[in-house]
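Some notes on the structure that comes next.
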Amino acid sequence: MSVAPTSPLPVLKAADYATDQDVRWCPGCGDYSILMQTKKVLAKLGVDRSKTVFISGIGCSSRFPYYMNTYGFHSIHGRAPTFATGLKLARPELDIWVATGDGDALSIGGNHFLHVIRRNLDVKILLFNNRIYGLTKGQYSPTSEHGKKTKSTPMGAPDYPIRPLSIAIAAGATFAARSMDVDVKHLEYVLERAAKHVGTAVVEIYQNCNIFNDGAFDYATDKTTKSDTTIYLEQGKPLVFGNGTKGIRLREMNPEVVDLASTPKDDLLVHNEQAQPAVPFLLSRMRQPDLPEPMGIMRSVEKERYVSVVRAQNEEALAKQGPGDIQQLLDGPETWTVS
Amino acid sequence: MLSGVTVRFAGDSGDGMQLAGTQFTDTSALVGNDISTLPDFPAEIRAPAGTLAGVSGFQIHFSSNDIYTPGDDVHALVAMNPAALRTNLRSVVSGGIVIVNEDAFTPKDVTKAGYAKNPLEDGTFSNYRLIKVPINKLTAAAAKDTGLGAKDIDRCKNMFALGLVYWLYGRPVEPTVNYIKSKFSKKPAVEQANTLALKAGYAFGETTELFNEQYQVPKAKLAPGKYRKITGNEAVAIGMVAASKLANKELVYCSYPITPASDILHNLSTFKNYGVVTFQAEDEIAAIGAAIGASFGGALGVTGTSGPGIALKAEAIGLAVMTELPVVIVDVQRGGPSTGLPTKTEQADLLQVMYGRNGECPVPIIAASSPADCFNATIEAFAIATKYMTPVILLSDGYIANGSEPWVVPQFDKLEKIKIEHPTQKNDDRGFMPYKRNADGARPWAIPGTAGLEHRLGGLEKQDVTGSVNYEPANHEKMVRLRQAKVNNLKPAGPDILWTGPTSGDLLIVGWGSTYGAIKAATLELRNAGVAVAACHIRYMNPLPAKLAEMLKNFKHVMVPEMNLGQLRLLLRSKYLVDAKGLNKVRGQPFTIGEVVAGAKSLLGGEVPAGAQEIAMAGAEDAGIGGGG
Ligand code: SF4
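If you read the protein sequences in the order shown, they are chains A and B.
Per our numbering, the very first residue in the first sequence carries number 17; after that it's consecutive.
Per our numbering, the very first residue in the second sequence carries number 2; after that it's consecutive.
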């Protein structure tokens, strides 16, 4: 994010980023929390509304831009990253956010999701993962569990689910993180880190769709099970969960749960956001019921942004060839005169 | 002395025929001829050597008169192998010159080309002037001291053939010598070998007695001015740069590689010092998405593709219609459906670009009529897009994209500027209203970064004026009609019709796009023969020219030649209730002048059965088809 306030800015509140539109998500939907935490983070960072753009595709989550009093673009299904790419190329100084869902980003928009990440374009992608199609009223999605019974799969989903952050990391994500709608403090922290990341940031947010897939993440949000089913990543700290009783150790490249009563903490995997991609990839594969699901920033590294490379090439051409003479271009390599 | 000649170079796709043809064209243009070219290459990059599928050809028509097409009949054919001879011989006029590389007529190659026996020995040529030249051997001898290997020397054959044809038509070798020098400046041996082969070819013509004469085609009496040679794809690319300078805007060209449009991307990617940003997208949809995103940001967003790409972009074009953002979409048409004939020409995307989207989704469409016209048509597309806040589709096709002609280079300062305004202030007491229209029906183009004008666009139906999401029945009807009216009422930014002949008579030939040259030449020929005919060539396909309704009434017959099965004809018949007859050709090849003339004669001669919509075309029999329909 290129926001570097130089002059004292008026103190902004989350409400300053709200539009006059009625929010039309179902009451109790996890999207409300994501909207609120996003506004809070923008307010905290003093983000200039006029230089910020939210772009979305289609789906419940893609209503997001209508509720942000910034510039916004509610585009077509799966294609939000493409509009973001063109806009960023034309206007590198803008802060661009993409709001998308599991169907939008991983099914119809899978190709663009890969490429916007691999290019390190420099957009913040909020991937609302509710493991269901909400807007079309309840079909299974690419992140739905194998065997899940839905309107379109009365005998159970035959597919195996895709893991958004595995895809992101495989595509070379410079920032990949996970949080949950109801864990507001953590979500705010992750969003702030994403906002400050220079490059494409992917944030997967477990989001409850209380109408079509209610309770999908209860295992991870329920106070009684949470400490055993999730593990919070902290830079430089060993991977500990289960209220400090358990940890994750790597053995022959396999993460395994160990009991801290019998295993020294020194054996545990220590979290490093800058580790080789293989490590965050392993983290992205950890899944219930076998392993706790990591929350937090799996990977955060620096890499030149696509838009900088493109702009640098144009600068270089300008420096080497001088500003193009349009008449010369029209004349082409050779002219002849008829008198 | 000849007034006009058509030469065709034909060989294997690895034989360098496109290069020989391009060089011959450049030199002919430089000596002052009018020119028109037709490159014709296989879809496969390297189809198996020596096969019919692998034949690559390049036809040049050069003349001391104004010409409009690459020529109906070939006066001189260079055939580098039996397959090239077999596929091209029937285009050669009776008595025409046929130069063959006799070294390539081995029994194996003769069989590969599908000949039962060697055609050089069986009287196939009684109607032609056959010149057998051992091009392999002579090229090898010419370049033997360059130190190059046999394979590299063999690749200079095209230069030998070119040199020979240069001699035949009395053109200088120097322009090509210079070209070789700059092209191979880092490979002196290759430079030397090519130059030696070229000169050897020329000398061969001069010293042997194979030809009894040399032919001269004097300079054309072209209108005074500064000329260059240009292809349609080049004209589109520099037209885009010119438009961006005229509008004082950055150009962002977003495209996915596709034949025959890729050259636009290649060209533009070398214009970075003109402030051009190019983006090779991951797919066709990403390309138009990025173009729309760039336009949302205030740049000139543009995408280029061919028919299959247009199909993929349809939904996004609809979004641009709904969000009323200016974006230009170039469709370089090729043979379809599906992958079709990627390297061959056709004009069968007209209905796709008119109607191939969900909902009522009007888009202005401009069709370029020749390679050079692509320049103006491109600038007009941007002028319309930004003035009316709408996507605009520019139609070209494989024929004009790759074909070339001389072009009077415009003075950039004399071109009309494209005026664009981005609002900086609220336009209403209630705040900024993104869908409050001006007198042209265009909404304001407020761009991100402008404080106080933050607004949200999207594909859901908009409330009139406020731009808020709105599903009310009356509002939807109003918006559908407003979008349609904006397109229906737009003022063309250039000529909407190119007219040839008087405004009334027996026959009006109505065309669009790349058939311009053939139709115009045919019309002039018919008029010389005393036929009361005129030609009306449409450049603005949507909205159709206002005066068309009137014009159609002034003629007894209307004929519509198209390289499709009657798409403009369908529009004309439905919109104007006119009994237009189609002359339809879908062979991946442009119309010849003769075909249009024959069609007109057949219509005027009463040979089209009552009720038939299509005129039978000569040569249609061998495709097993007839007119009528
Ligand atoms: S359908 Fe589900 S995801 Fe969509 S708004 Fe309602 S609760 Fe939220």
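Ideal placement from N, C-alpha and C gives every residue a C-beta, glycine not left out.
- DSSP, read as helix, strand or coil, puts Thr190/A in coil.
- The alpha-carbon of Ser64/B is positioned some 9 Å away from that of Lys222/B.
- Residue state for Ile616/B is assigned as coil, using DSSP reduced to three classes.
- In this structure, DSSP gives Trp41/A a state outside helix and strand, which the three-state scheme calls coil.
- Within chain B, no residue has its CB atom less than 9 Å from the CB of Ala121/A, the nearest being about 14 Å off.
- Interface annotation for the region 264-275 of chain B against chain A: Phe272, Lys273, Asn274, Tyr275, criterion Cβ-Cβ distance under 8 Å.
- Following the DSSP letters along the chain, one finds Lys230/B inside the beta strand (DSSP E) bounded by residues 226-232.
- With a cut-off of 8 Å, the C-beta of Phe228/A is classified as near the ligand SF4, since at least one heavy atom of the ligand falls inside that distance.
- Neighbours of Asp47/A across chain B, judged by C-beta separation under 8 Å, do not exist; the nearest C-beta is about 16 Å away.
- For the pair Gly298/B and Leu110/A, the CB atoms are nearer than the 9 Å cut-off.
- Look at Glu526/B here: in three-state DSSP terms it is helix.
- The beta carbons of Val6/B and His62/B sit closer together than 9 Å.
- With at least 16 other beta carbons inside 10 angstroms of its own, Gln53/A counts as buried.
- Looking at the DSSP output, Asn543/B sits in a beta bridge with Ile366/B.
- Within the same chain, Thr279 come within 6 Å of Ser270/B by CB-CB distance, once the 5 residues on both sides are set aside.
- Proximity to Ile100/B across Pro49/B, Gly202/B, Ile366/B, Ser183/B peaks at Gly202/B, based on C-alpha coordinates.
- Of the other Cβ atoms in all chains shown, 16 or more fall within 10 Å of the Cβ of Gln568/B; this residue is therefore buried.
- The criterion of a C-beta distance shorter than 9 Å is not satisfied by Ala494/B and Gly595/B.
- Not a single heavy atom of the ligand SF4 lies less than 8 Å from the C-beta of Asn145/A.
- For the pair of segments examined, the region 407-418 of chain B was found not to touch the region 432-446 of chain B: the number of CB pairs separated by less than 8 Å stays below three.
- Its Cα nearest to that of Val191/B, the residue Thr147/B stands out among Thr107/B, Thr147/B, Val579/B, Val174/B.
- For Ile74/A, the CB stays at least 8 Å from every heavy atom of the ligand SF4.
- Between the ligand SF4 and Gly231/A, a heavy atom-to-CB distance of less than 8 Å is absent.
- About 6 Å separates the beta carbons of Leu103/A and Val69/A, which is inside the 8 Å limit, making them a contact pair.
- With a threshold of 8 Å, the Cβ atom of Ser77/A counts as near the ligand SF4, since some heavy atom of the ligand is closer than that.
- Contact with chain B is absent for Val63/A, since none of that chain's Cβ atoms lies less than 9 Å from the residue's Cβ.
- Excluding residues up to 5 positions away in sequence, Gly336, Glu347, Ala349, Met564, Asn565, Leu566 lie with their Cβ nearer than 8 Å to the Cβ of Val587/B in the same chain.
- At least one C-beta of chain B is nearer than 9 Å to the C-beta of Phe99/A.
- Flagged as an interface residue toward chain B: Asn85/A, by a C-beta distance shorter than 9 Å.
- Think of a sphere of 7 Å around the beta carbon of Asp284/B: the chain A residues whose beta carbon falls inside it are Asn127, in chain order.
- Taking a Cβ-Cβ threshold of 9 Å, none of the residues of chain B is close to Phe228/A; the smallest such distance is about 21 Å.
- With its beta carbon at least 9 Å from every one in chain B, Ile141/A lies outside the interface.
- Per DSSP, Ile71/A is one residue of the beta strand (DSSP E) stretching across 68-72.
- Proximity of the beta carbon of Gly119/A to the ligand SF4 is not indicated: no heavy atom of the ligand is located closer than 8 Å.
- Proximity of Lys227/B to chain A, defined by a Cβ-Cβ separation below 9 Å, is satisfied.
- Within the chosen limit of 8 Å, the ligand SF4 reaches the beta carbon of Leu151/A through at least one heavy atom.
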